[in-house]
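Heads up: the structure comes next, in structure tokens.
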Amino acid sequence: MKINFGTNADKIAKVDMSKIYGGYFADPINLEKFIELGIKPIIKFFPENISYVDFGGGQGHLASAVKKYLESDGYKVNAIVADANEDYLSKAKEKGLETKLANLEDNNFSNLDLVTMRAVLHYNNPSTQKIILKNIFNSLKKGGYLVNQTASGSKENCELRSSLVNIPELGRAGTGNYHWISEEEYSSLVNEIGFSSTILSGYAKANSWGPEDQWNRVNGEMTKIAEEKKDDKVLSEIEIRKNVYLEKAYKMIEEYSNKYGKEYLGIKDAGDNKVKIEYTYPVIVSRK
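As structure tokens, this is what we get:
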């Protein structure tokens, strides 16, 4: 199986999704908010036996919470976590979940009642995003639901964050392909694919990151290994690349700030001459 570049980037960097961004994705409060906004309003439309797949579900935090919620209301749930990272899927199996090692753009499912996604689409370029959403559409029964919590923001906020992660010196596998998507672009896309209705149900807890966060996510493990080996040559190369990356990143942030304004872009002072860029997490419910 050809591994998606976004998945490959996290595998190389040994990213633990339960710990990044302050443990956002494993936080029970954030899981409850997803369910409150995305699942609770549509629960009455599900059949007694629910066929459910979490696309890009990684370690199974979301699928486990959704399954537990549905079962607490008397439904029988066949829940599968689909992801291209076998390391993540091993954690999902430990939660008692069925797993499927798969790229999300490949057609692996049919007759589903429910598909969820959370912070997944931006790992892919626009054309692949469309393929993934079309694949989900084809995998659902008529009347089935896609509940997607997508990392979003204004068009310009999404453009800035995409550009920062696509700077080559960051060293993230798949450079040039990461694409955060605005609400308007997402709604247009799912409508084009053929979903009969799409509703913004509300917003999960917002998040933020800065250039240093992205650098540490991608290069932290590499730096740690070099430090343990006392490999001064590699450490020097990493430091040179880091300086180039940060210089380019902050120049880009300055250009966007001058053009659109920091407040509009969600740019906040983080102290020590660093910034964080805030972004939203809309929970969007689409029905086939």
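Residue numbers (the numbering used here): 5 to 292.
No residue lacks a Cβ here, since even glycine has one placed at the ideal position from N, Cα and C.
All of these numbers come straight from a predicted model, not from anything done at the bench.
Cβ separation of residue i and residue j, assumed to be a contact under 8 Å, to the nearest whole Å
i: Glu187; j: Leu204; result: 7 Å
i: Tyr182; j: Asn170; result: 6 Å
i: Asn142; j: Asn111; result: 7 Å
i: His126; j: Trp184; result: 5 Å
i: Lys292; j: Leu168; result: Actually they are not in contact, since the Cβ atoms of Lys292 and Leu168 sit about 35 Å apart, beyond 8 Å.
i: Tyr264; j: Glu189; result: At roughly 17 Å, the Cβ-Cβ gap does not stay under 8 Å, so Tyr264 and Glu189 are not in contact.
i: Thr154; j: Pro45; result: In fact, because the Cβ distance is near 17 Å, the residues do not count as touching under 8 Å.
Same chain, Cβ closer than 7 Å to residue i, neighbours up to 5 away in sequence not counted
i: Ile135; result: Glu109
i: Thr284; result: Ser156, Gly157, Tyr207, Ala210
i: Ile242; result: Asn223, Met226, Thr227, Ala230
i: Lys252; result: Ile171, Glu173
i: Pro51; result: Asp117
i: Ser261; result: Leu269, Ile271
i: Cys162; result: Ser156, Trp184, Ile185, Ser186
Coarse secondary structure for residue i, derived from DSSP in three states
i: Lys80; result: strand
i: Ala86; result: strand
i: Gly265; result: coil
i: Pro286; result: strand
i: Leu41; result: helix
i: Leu116; result: strand
i: Asn53; result: strand
i: Gly60; result: coil
i: Ala274; result: strand
i: Glu102; result: strand
i: Lys234; result: coil
i: Lys292; result: coil
Proximity below 8 Å, CB of residue i to CB of residue j
i: Arg176; j: Ile24; result: no
i: Tyr249; j: Trp219; result: yes
i: Gly61; j: Ala30; result: no
i: Val124; j: Phe59; result: yes
i: Lys80; j: Ile54; result: yes
i: Leu116; j: Thr103; result: no
i: Leu293; j: Phe38; result: Outside the displayed range of the chain (5 to 292) lies residue 293, so it cannot be described from this structure.
i: Ile244; j: Val279; result: no
i: Gly270; j: Ile288; result: no
i: Lys99; j: Gly148; result: no
i: Asp77; j: Ile47; result: yes
i: Leu41; j: Ala69; result: no
8 Å Cβ shell around residue i - same chain, five flanking residues per side excluded
i: Lys138; result: Ile197
i: Asn82; result: Asn53, Ile54, Ser55, Tyr56, Glu102
i: Leu239; result: Thr227, Ala230, Glu231
i: Ser166; result: His126, Tyr182, His183, Trp184
i: Lys233; result: none
Own chain residues within Cβ distance below 6 Å of residue i, not counting five before or after
i: Leu150; result: Val119, Ile140, Ser290
i: Glu90; result: Leu105
i: Ser191; result: Thr202
i: Glu294; result: Outside the displayed span of the chain (5 to 292) sits residue 294, for which this structure offers no information.
i: Lys95; result: Gln63
Margin query: Runs of 3 residues minimum, wholly inside the region 133-215: which ones carry the beta strand (DSSP E) assignment?
Written below: Runs of the beta strand (DSSP E) inside the region 133-215: 144-153, 201-213.
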